[in-house]
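Worksheet: the structure to be examined is printed underneath.
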Amino acid sequence: MIKKLVLLIAIFQFSACAELQQVVNQLPSGMITNDQIANGLKEALNKGITNQVSKLAVEDGFFKNELTRILLPEELQKVDNTLRKIGLSKLADEGLKVLNRAAEDAVGEAIPIFVDAVKGMSFTDAKNILMGDKNAATIYLQNSTSDALYQKFNPIIANSFQKVGADKIWSDLITKYNNLPLVNKVNPDLTDYVTGEALKGVFTMVEVEELNIRTKVASRTSDLLKRVFALQDN
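Listed below in structure tokens is the structure:
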């Protein structure tokens, strides 16, 4: 299959070669054009966005998803653990829920940014993704959209914290923790942290769908996806 793919790419570059044209005509999938390869990759990325990222933009989209649930940053895990040990698990849960709700509010802004990035994909981008690593499409989106996503997510998360009273929740949580004897005082600013975790969650779910399409024929839900991704099988 790899040899066939090399010949197929050669055809794109040297279409006048009759001998190579005969080879491509013998491929099971028949002739496939540059545009079809690019469109197939774009369809796959849009499918990942629709099927997975949109699931994060609803209540509990982050909070009840084990792959994306946002926890306290590592340096604050002791806050969560200590509160639970002294019977304040409900307060700890509310603190975590606020972080995830803010991410859920923000992630809806990802879809139009992804759509723009997908529209701008060239044939070279598509070819490199198709024959790249199993998460090559996800990496492409990370490189193309991370800065724009951060700029969109950060103020929404900050506003979400204010909207749901996160300032009070975190003030209560940290105040109770800081009042305990023999603890190091904590004064966290979590907006940047949650923004970063929200981005990780988005790309995690894109990667889940990319892997499905690359490895599971049943996930290739159109003839174009089947033809294009057949090129990278085996």
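Heads up: the sequence shown runs through residues -18 to -1, 1 to 216, numbered per mature numbering (1 follows the signal peptide of the UniProt record, and there is no 0).
Beta carbons: idealized from backbone N, C-alpha and C, even for Gly.
{"Item": "Please work out which residues of its chain come closer than 8 Å, Cβ to Cβ, to residue 185, disregarding the five sequence neighbours upstream and downstream, and give them in chain order.", "Value": "120, 123, 124"}
{"Item": "Distance, Cα to Cα, residue 93 vs residue 33?", "Value": "11 Å"}
{"Item": "Could you tell me which uninterrupted alpha helix (DSSP H) segments, each at least 4 residues in length, are contained entirely in the segment 132 to 190, listed from first to last along the chain?", "Value": "148 to 160"}
{"Item": "Can you tell me which of 82, 54, 64, 44 puts its alpha carbon nearest to the alpha carbon of residue 164?", "Value": "64"}
{"Item": "Any chance the segment 79 to 91 sits against the segment 28 to 44, with 3 or more Cβ pairs inside 8 Å?", "Value": "yes"}
{"Item": "How many Å lie between residue 31 and residue 166 at the Cα?", "Value": "42 Å"}
{"Item": "Would residue 204 be called buried (16 or more neighbouring beta carbons within 10 Å of its own) or exposed?", "Value": "exposed"}
{"Item": "Rounded to the nearest angstrom, what separates residue 74 and residue 177 at their Cα positions?", "Value": "20 Å"}
{"Item": "What are the start and end residues of each continuous beta strand (DSSP E) run of 3 or more residues lying completely inside the segment 50 to 84, in chain order?", "Value": "none"}
{"Item": "Got a sec, what are the start and stop residues for the alpha helix (DSSP H) residue 96 sits in?", "Value": "92 to 101"}
{"Item": "Which two residues bound the contiguous alpha helix (DSSP H) that contains residue 211?", "Value": "205 to 212"}
{"Item": "From what residue to what residue does the alpha helix (DSSP H) around residue 34 run?", "Value": "Counting along the chain, residue 34 falls outside any alpha helix (DSSP H), and DSSP gives it neither H nor E."}
{"Item": "So what's residue 41 in DSSP terms, helix, strand or just coil?", "Value": "coil"}
{"Item": "Name the residue from 140, 108, 76 whose alpha carbon lies nearest to the alpha carbon of residue 172.", "Value": "140"}
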